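These notes concern the structure reproduced below.
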Amino acid sequence: MTFTESKETEKMKSSKKLKSLGIAGAAMMLIALTSCGSGSLPSGSNLNIYQPSTLRLKKNSPIQTKDGVYTPQKDEVWHSDARYRKLEREVYYLPRHQILADK
216 MTFTESKETE
226 KMKSSKKLKS
236 LGIAGAAMML
246 IALTSCGSGS
256 LPSGSNLNIY
266 QPSTLRLKKN
276 SPIQTKDGVY
286 TPQKDEVWHS
296 DARYRKLERE
306 VYYLPRHQIL
316 ADK
């Protein structure tokens, strides 16, 4: 074996090592990224902070809000977005015979 052949053999071995290290590194990165990403995102039901379905406000009782003090002029009922949508669907999808019976 000549000097140039041994250098070429060394180059081939080192390039194979680098290639296998690169593949192993990429595989480890993919494993690390997917294992960190799986399960770390909360489900849709966990995204909300607790909020009551309704708020019942008394007339003339001041309420501190982010924008200032709000004083209801009469008794009020405020519905959460989820509650409002549920009520809206119930009314919208009433069977026709129920609507006619109410008239």
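Going from the sequence shown to this note's numbering is simple: count from 1 and add 215.
Backbone N, C-alpha and C fix where the C-beta goes; we use that ideal spot for every residue, glycine too.
In this text the structure is predicted, and so the values were computed from the model without any measurement.
Here TYR285 is bridged, per DSSP, to ILE278.
With contacts defined by Cβ atoms closer than 8 angstroms, LYS301 and PRO287 do not form a contacting pair.
Of TYR285, ALA297, ARG304, VAL284, the smallest CA-CA separation from ILE264 is found for ALA297. By DSSP's assignment, LEU270 forms a beta bridge with TRP293. In its chain, beyond the 5 residues on either side, ARG271, LEU272, LYS273, LYS274 have a beta carbon closer than 8 angstroms to the beta carbon of ASP290.
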